[in-house]
Each structure stands twice: as C-alpha cells, then as structure tokens.
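Remarks on the structure that follows.
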Amino acid sequence: MAQLSRAPVTAVLGPTNTGKTHLAVERFCAHSSGMMGFPLRLLAREVYDRVVALKGPKEVALITGEEKIEPPGARWYLCTAESMPLHRDFSFVALDEAQLGTDPERGHIFTDRILRARGRDETMILGSGALSGMVRALLPDAEIISRPRFSTLFYAGAKKLSRLPKRSAIVAFSAEEVYAVAEMLRRLRGGAAVVMGALSPSTRNAQVKMFMNGDVDYLVATDAIGMGLNLDVAHVAFASLRKFDGVRTRRLTISEMAQIAGRAGRHQKDGTFGSLGGEDSEGAFRPEEIEAIEAHEFPRIEHLYWRNGAPPLDAGIDALIAALEARPDWPELRPAPQAVDLAVLKAMADDATVRERVRSTAQLRRLWDVCGLPDFQKLGPEHHRATVSRLWRSLSEGNGHIPQDWFAGQVARLDNAQGDVDTLSGRIAAARTWSYIAHRPDWLANPADMAERTRALEEKLSDALHAALTQRFVDRRTSVLLRDLGRKNEHLPVDIDADGSVHVDGEPLGSLKGFRFHVDPQARGGDRKLLLAAAERRLGKMLTVKAEELIAAPDGEFALSAAPGETPGLLWREEKVAMLHVGPALLHPEVRVDKAIVALGQDVANRVTARLNAWMHAQHERHLAPLLRIAELATQEDTPAVVRALLIQLGDAGGIIARVDLDDALNRLDKDQRQIIRKAGFTIGVLDIFHHALLKPGAALWRLALMALQRNKPMLPLPQAGAVVLNLKAREEAMGAARAGYRGFNDTQIRIDMIERIARGGHEAIAKNERYDATSPFIVSLGLGEPLFNQIMRGAGFRPVTPRAVEPVVEDATAENPDSPKELPPIPPSEDEPGATPDETPVLPDDPAPAAPPEEFPAAEPTEIPLSDPSPTPDSVPEAIAPELEAATGAVPESAPPHGANWAFRGRHKPKERTERRFGVSQPKGDQAGPARKPRQGGHEKRSGPPRERPDRRFAHKDPAPTRPAGGGAFAGLADLLAGKE
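Those letters in the sequence shown? Residues 6 to 987, by the working numbering.
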C-alpha cells in the first residue's frame, strides 16, 4: 500500500456537471504520457475517441477486459479501472469516479487505485464531494479542489410516462424494467433509445446517436447513465428508487440518486429530475432527498472497501488466499466482501489436481489470472467456476495454451445474428468472455488472430442488437408525426420511390401499385388518418403525371398479365393498370382501366385506354398475324361461303383446331378452296389444322389469354417455352397444353407440328420401302418410347405390317400377273412450305392439288428442332399416283405389302354418329363403343356377312376445350347463311 511516487496528488471533487472529467483529459493530454482509469468500458471508449482525435491513433491505447488497442509506442492509455497497467511508468495518472470505492463488488479495485496508482509528475483523483473526508484520511498530502456545478438542478415532481417532456432520460435498474419502459414509450411517443452497461460500445454509440440526432426524444437506461456519459438530457425520471446490489434489493443512497439525476442539464443548461408515478408511491422522492440533491449536500463517505491489490504469489495457494482475506490497517477501510475471483480460487484450491500442478510462482500467477475471468454472462457461480476450471486444465497441461480448435468452435457457435433482444444480448455477453480470453497475451497460441475474430463477432452481434432494439423499441413513423405535430400537415414531404414505395419524411407510408395506393398494413389506426391524408394531397398530382407517362410510354414498358388462375390484364412497368374482358370478337377484347385512373378524369381514362388498345393491336400483329389474316379473309366478299364458314370456326378456335371437328367442312371444299386455306399459311394435318406461327410462346400466351376471356374462364397454365414433349398429369396443365397446340397421349403431350413430322416420316418410310420405328433418329431426339410411338402412328392412320423383302420384277411380269401390286414412284417434295411439316396429310384420299407457297404469312418453323429437307406429303401427290395412294388409304387387309416397310397407311377412321338405335336402346358407337352384347330372347338375329370393322380405340385424345366448333349440319347451315348473304 506504499505510494509509488512522491509527485503531487490532486483530488478534484464535486457533483456532476462540474467539468471534472474534461479537466482531467486536458491535463492528461498536456503531459508527455498518461493513463486514465474509468469505471465503464463505454466511458473509456468515449474518452479514447476524443483523445485519438487530438493525438492520432498511433499514440493512444485502449485497454479493457474485452478490448485491447495498443499501438507500438503508444503514450496515452485509456483503461477500465481493473485493466490499468500499474507496472508501467506514466507522467500523468488519473482515476475517474473514485467514490465507487464504496461498491461492495468492485469497490476494492478503486480503493487500490486510489492508494497505489501514481503518475511520475502528477496524479489526479476525480469523484464526488462526499469523498473528501476519505481523501484527507488516506492521502493527507493530497490537494482537494472543489468545483461547483455549472447549472442548477430542480425537482420537477412525479410524472406519468405519457407526460414526460421531450429530451428525457428514464432510469431503471433491470433489463426487464428497461425493456418495459421502452416498449411503453414506443406506443406513446414513437420509441426510445436504450443504453445499458452490457451493451458493446458500437451498440451504445448507435443508440445514443439516435437520441442525440433527434430520431427519438427519449432515452431509457440503467444507472450506467450516471457514470460520466455526456448526453443532452433535460429531465431525468426514475422508474424506480430501488436496485439489487448483488446481495439484496435496497433503496438508492442519496449520493447514487444525485449521481444519476445530475445527468440532466449539462453545461449551462438547467435540468430537472423526478420520478414516474404518483407522489405518494414508494418510488417517489422523500423531501430530505430532494433537498440534498438540489443543494448538492450529501452524507460524507465513511468507509471504502479494500482488498490486498498486490498479494504474494510465491508462497503457495493458501498464502495467496490468506493475503486476499486479510483485514486493512486503516480504520477508514473495510475488508471487501468475497468477490467472484476469490470464491473461484477457493473452490479450485479444494481440487487436488490443481494443487499438484501449482508448483511455481508462474503457475500460481496463471491460476490467479484465470480466476480473475469476469462473469460476463451472470449465469451463477457454478457455471462460472466450471468455465474457469475448463480453461485452467488447458493452460496447465501440454503446451500451456487453450486448444485453438476448441476456442474457435466456441466462437463460431455464437456467430448467429438472428434472434430477439435477449438472445442477442446473451450471445454478446458470451462473446465478451471469449474476447477477454483472446486478449490475454499467453493463453492462446495465436492470440492476435483470435482477438480479431472475437472483435468482428462482437461488432456483428452489436449491429444486430442495435437493429433489434430499434425494431422493438422505435416507431420512427410515429416519432416523425409527433415531431411535426405543431406544423400543418401539408408540410410533411411525400416521396415515391422507383419501386412504388411512398414515404412521408423518409418513413414508409405504403406503396403505389400501378395507380392504386395501398396503406402500410403495419401502420397504426391513429397514424393512418394523418399519413393517408398527407399522402393523398400529393398523390393526386403525382398520379396525373404518371398517367401522362403511361400515355407516352414506349411499347417495351407494357406487358400482358396472364398468371394461371387469374383473369388476364395489362401491365405497365410491371404493375397492373387494366383488366381485359370479353369483347365482340376474339381479337377485340374490352380494356377496362383501373378505377384509380378513372378517378383522374374521363379524358385521362379515355386516352389511357386508347394507348393500351394501340399496344394490344401491335402485339396481335406481331404474334397473332395468322388470326388477323383469316379474320380478314372471312370478311372478304370474294371468299367462298364454305371457306368463310370454315375460317370463322378456325378463328373462333384460336387458329388451332382438331381436324375431326372440321372434317365435314373440309369435305365441302374443292381443290381451289383448299388452296385458300394453304395460302393463309395453315397446315391441314392428319390430326390437326394449325399455323406454325401460332405455336410460338408469344402467340400461345395471347391465344390462351383471349380464349380464357371468350370462355369466361381463368387463365390456364402455359407450357414451358420451347418444349416439344411434356409429361403433365394435372388437368389444368393438360388443358393449357392442348390450347397451346399440344396433343395428349395418356399423360404425355406432344406439340402438334411434331406429330405431323412423325406422320410425314411414316409416309417417307413407306415410299422408300424402309423401316420406321422408335429407333429412328428423329423419334429418338424426341425421347419417345416404342408404345407411345406406336400409339401416335395408329392415331395418324398407320397400321403395323410385317416387312417383306422386295422381289425382282421383270417388265412383262405385270402383264402375266395383273394382280401383282405396282411399286409406287417417289412422291415429289411439297412446295407448300419449304423446310416445314406437310401441309396436309389426308384422312382419306383428297384431290391432288399443286403446292403453292403462302403469299403473305409463310409458316414459321419452331426453333427447337429444325426440320429436314422438304419431303413428300400426301396432299401434294401427283395425279399419276393418286390411285395408288387411294388404294393405300382404303380398307386394305393388314397383310404385309410387297416391300420392306413396317407400316401401311390406311387412313384415320372418320368419327361416326355417337349413338344408334340397337335392340330398341341407344347404344354408343365409334370411340365409345363397347363389346357387342347378345340379343335378348326374341330379338333380332345376328347379322350375316363379313365382320364389321371396329375403330381402333388407341387414339389420341380429343381437344379438351369446353366448346367445340360446329360440324355437319351446323357448318352447312353457316355456309348456306353466308352464301345467302352473297
């Protein structure tokens, strides 16, 4: 306890707001070197930042339990009281808040620094005026300087939380109470900043910055606020006057009350203090307490807690414990209550393994250092003792270091920024433990790397904690409104971001989707009226300007909204501005703009509607040109009535229709009339009639949307763009694929142009006397198996036959055997669409017609699978071989023809009437026919003659569209009606 220097000691004593710390910092910086000790890490960091600004980062060091910034050659040290390097020689030494020597838990640290910490040239002790008697008793040579308070402190009485003035600090003494008060302030006043001693410096600074910048008008803190934190506080309100001091819950002393209340009224600005609740409550101030605080007259401190600050480490564990439990020699000092470090040391001393390993001074010093690990987590003595014991085992064996992998694993376990305030606070407390360990110079093999890792972890968790505190306790939107409550509402600035977010003074109010404003669903009822009124006054003009932007917008900013299950609409800048409704024709839907646009005026609504119609027509010309073409042909007077009737049905079906639905119509067309259909670019296939351009993704999207409107049904799912073969089991997906131009075979959907290519391949194979099966290159490229391929071929009118080798034929062999079949000459390539699928594969023989290229709209071949060279099509067969083709498509027995092909083309069966009368009962026929039943007794006899052929039921399924074009008599009636008009 001997003083280390005979340099003068000055005690600067007085109440808060007397400039004691400011004076010490000035003296500190005036010396060639110095060290200052503070009660809190936060306060040490605050002064460190100030000194760095004056001296530079390379000259200033910061040493706390969990943080160490010590540049080589640093001359000015800012430390917590526990971390002050007393063995170093400094010109100036100062200790702040020295009256904390009365604290039962940490008081012995401050008492030791009062007695032993000395500067080479000057020593300064800062504290309360109540400490003067102790300074005179312990340091009789010290000079005592009393400083008056710069401002006056008044008692303002007890107030309810809702009536606290702005710039108030509310002090509570537990985390639960702090959170409860902050939560209430969030609802009443828009929120509060939160400051607690357990916060990291970055979190504390971020919270204080919100208060200092005016983002919030209230601060909720623990008694850490009384330890020198400089804040612009006008009023201090005590949420309670009782605290738990680690042993019991007691009422604050007058000195403690004054220390906290003195935070109000900094510098020359007067301040007030009071309590929350009523004057008669237990938390109210007593008259004598109020008088003492206002007059800054406090009972003198009668004693300080003491413990040997330099116990012997060379005499064994028992001697160390005895020295730490020794009583002081001064009557003004009292032995400190047993601290955590001493309790852990005594528990470790009972372990025989520990005593066996502590055989030297160095080992005992290391044991005492490990026992000094602070209990940051406050999980109880047993948990803390277990942690210390685990660390000691690692430090006392092997290489004397904590295992790097184990330490890194403990740090990594905390690397999670998710969670609420309590969870994040717990992780930060645990991170402080590992940060403290990482800053011990010889506890880890690579302490610098681990120190950096723990620092980064604490900063990450601190940022997350600040965000969580702000999210939980701050409603800036309410704060903004209350701050501007005295001004007129129109002064609130309203801004609209590019994504449509509406902000009032930087706070989110809602969003603008298209032209419709949506209030933030999280806005409280009391805020909604004011915020909505402020937004609506500005949005009217903004929406008019936005409508003008829409009218002048290029086509690239518009799009069709056609999500599955929804009604199609129109988008502008990815926001819906209009809905589509069924119109007079498929290609002329009605555009109904949003009600918000109509509210801008009829003229604006009409102009917007005209712009949307113009864009939609441009899209039809781009994607649906074939439909526009047939619509035009259907209205031309020179188009034959039967062709016009067919085109009308084809147009109503969206340009793609199953051939079976137009068989009767096709049978009424002659060669020249069929040529009109081909010139329009349409393919009359064996199963479907379609245009290649309508199979493209853009055309498919528009077709499905327009057909959904016509049928008053929601939008069906659109197949994947570019897909040729699909495997769809959902009914809606299969229906969408059928509308888009796919034909289903069980659960497999194949694009119809590919089916026509498969059929064309069959005709080519027959003409070339070649085998055609699922191993053919094109079929393999589609990924079709043998069963599915056979099903497609049968549906296209082919029947499997047994291939036969071609026998040599002499010229007169035919004459000798006139019944022998003739070899078909090669079928010339079609000129209808170079590089495309056949224009027409007849169901039964059609009149041969010369192929001609489309005049205005050539077929657009899908880009996924380029077609091979033009190949023969049955529709372009020369007249010379028409009889042979007709024979091939007739009812020929399934015996093998005299060539090597494995398929014979017999033609697709035409559909028959759905029912007929048999035995006096309606019976299904055609595809729905079942096995024949035996006639009842007395019924008709079995018909004689050859057995009737039954249709192959392994057929491609029909178009699932709910409405089918009229055929037969309906078509004839439509054709006759159109002919009559002519």
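Note that CB positions come from ideal geometry on N, CA and C, so glycine has one too.
Bear in mind that the values here come from a model prediction, so they are computed numbers and not experimental data.
7 angstroms CB neighbourhood of residue i in its chain, flanking five on each side removed
{"i": "glutamate 110", "result": "Gly251, Ala344"}
{"i": "arginine 125", "result": "Ser10, Ala12, Asp94, Phe95, Ser96"}
{"i": "isoleucine 870", "result": "Reliability of the predicted coordinates at isoleucine 870 is poor, the pLDDT of 33 falling under 50, and the value obtained from them is presented with this limitation in mind. Hits under 7 angstroms: Val729, Ser786."}
{"i": "aspartate 599", "result": "Gly519, Phe520, Arg521, Val582, Ala583"}
{"i": "leucine 474", "result": "Val199, Gln212, Val426"}
{"i": "leucine 462", "result": "Val416, Leu419, Asp420, Ala436"}
{"i": "alanine 779", "result": "Leu789, Gly790, Glu791, Phe794"}
Contacts around residue i, its chain only, beta-carbon distance under 6 angstroms, and the 5 residues preceding and following it disregarded
{"i": "glycine 570", "result": "Pro719"}
{"i": "valine 349", "result": "Cys376, Arg390, Val393"}
{"i": "glycine 659", "result": "Arg708, Met712"}
{"i": "isoleucine 295", "result": "Tyr160"}
Beta strand (DSSP E) segment containing residue i, residue limits
{"i": "methionine 40", "result": "39-43"}
{"i": "glycine 279", "result": "276-281"}
{"i": "arginine 521", "result": "521-524"}
{"i": "tryptophan 707", "result": "Not the beta strand (DSSP E): tryptophan 707 falls in the alpha helix (DSSP H), residues 702-715."}
{"i": "isoleucine 407", "result": "Segment: none, isoleucine 407 is in no beta strand (DSSP E) and carries neither H nor E."}
{"i": "asparagine 65", "result": "Note on identity: in this sequence residue 65 is valine, with asparagine being the wrong assignment. Run containing valine 65: 65-68, per the beta strand (DSSP E) assignment."}
{"i": "tryptophan 448", "result": "Premise fails: tryptophan 448 is in no beta strand (DSSP E) and is neither H nor E."}
Exposure label - residue i; buried when at least 16 CB within 10 Å
{"i": "glutamine 409", "result": "exposed"}
{"i": "alanine 435", "result": "buried"}
{"i": "threonine 438", "result": "buried"}
{"i": "histidine 444", "result": "buried"}
{"i": "proline 631", "result": "buried"}
{"i": "asparagine 22", "result": "buried"}
{"i": "glycine 134", "result": "buried"}
{"i": "glutamine 212", "result": "buried"}
{"i": "phenylalanine 278", "result": "buried"}
{"i": "serine 430", "result": "buried"}
{"i": "glycine 790", "result": "exposed"}
{"i": "asparagine 313", "result": "buried"}
{"i": "serine 37", "result": "exposed"}
{"i": "arginine 634", "result": "buried"}
{"i": "phenylalanine 249", "result": "exposed"}
{"i": "valine 98", "result": "buried"}
{"i": "alanine 698", "result": "buried"}
Three-state secondary structure assigned by DSSP to residue i
{"i": "alanine 242", "result": "strand"}
{"i": "glutamine 725", "result": "coil"}
{"i": "valine 252", "result": "coil"}
{"i": "glycine 561", "result": "helix"}
{"i": "lysine 546", "result": "helix"}
{"i": "glutamate 571", "result": "coil"}
{"i": "alanine 601", "result": "helix"}
{"i": "alanine 610", "result": "helix"}
{"i": "aspartate 778", "result": "coil"}
{"i": "glutamate 990", "result": "What is shown of the chain runs 6 to 987, which leaves residue 990 out entirely."}
{"i": "glutamate 457", "result": "helix"}
{"i": "arginine 332", "result": "coil"}
{"i": "isoleucine 797", "result": "helix"}
{"i": "phenylalanine 803", "result": "strand"}
Bounding residues of the alpha helix (DSSP H) (the contiguous stretch that carries residue i)
{"i": "alanine 590", "result": "No alpha helix (DSSP H) contains alanine 590, which is instead part of the beta strand (DSSP E) from 580-590."}
{"i": "threonine 640", "result": "630-640"}
{"i": "methionine 217", "result": "206-217"}
{"i": "valine 52", "result": "46-60"}
{"i": "proline 342", "result": "Element bounds for proline 342: n/a, residue is neither H nor E."}
Beta-bridge pairing of residue i - partner residues as DSSP gives them
{"i": "asparagine 732", "result": "Thr753"}
{"i": "leucine 105", "result": "BP columns for leucine 105 are empty, so no partner."}
{"i": "valine 479", "result": "Gly196"}
{"i": "valine 375", "result": "In DSSP, valine 375 forms no bridge with anything."}
{"i": "methionine 740", "result": "BP columns for methionine 740 are empty, so no partner."}
{"i": "alanine 16", "result": "Ile130, Ile149"}
{"i": "isoleucine 662", "result": "Ile694"}
{"i": "isoleucine 74", "result": "Leu67"}
Close-in-space but distant-in-sequence residues of the same chain around residue i (CB under 8 angstroms, 5 per side omitted)
{"i": "lysine 171", "result": "Asp222, Tyr223, Ala239"}
{"i": "methionine 189", "result": "Leu166"}
{"i": "threonine 128", "result": "Ser10, Ala12, Pro13, Val14, Thr15, Phe97, Val98, Ala99, Ala122"}
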